[in-house]
Amino acid sequence: MAQFYSAKRRTTTRQIITVSVNDLDSFG
Numbered sequence: 085m086a087q088f089y090s091a092k093r094r095t096t097t098r099q100i101i102t103v104s105v106n107d108l109d110s111f112g
């Protein structure tokens, strides 16, 4: 269960970073 939570949390973090990069890309 803890492993699954860590993997899910890691994926969420990556998605947030991707969204941030996409926002910068559209503004840049």
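Under this note's numbering, the first residue of the sequence shown is numbered 85, with each subsequent residue one higher.
Note that beta-carbon positions come from the ideal geometry of N, C-alpha and C, so glycine has one too.
Owing to the predicted nature of the structure, the values given are computational and were not obtained by experimental measurement.
Could you check the C-alpha separation between residue i and residue j for me, to the nearest Å?
i: Phe88; j: Leu108; result: 30 Å
i: Ile101; j: Arg94; result: 11 Å
i: Arg98; j: Ser90; result: 12 Å
i: Phe111; j: Ser104; result: 11 Å
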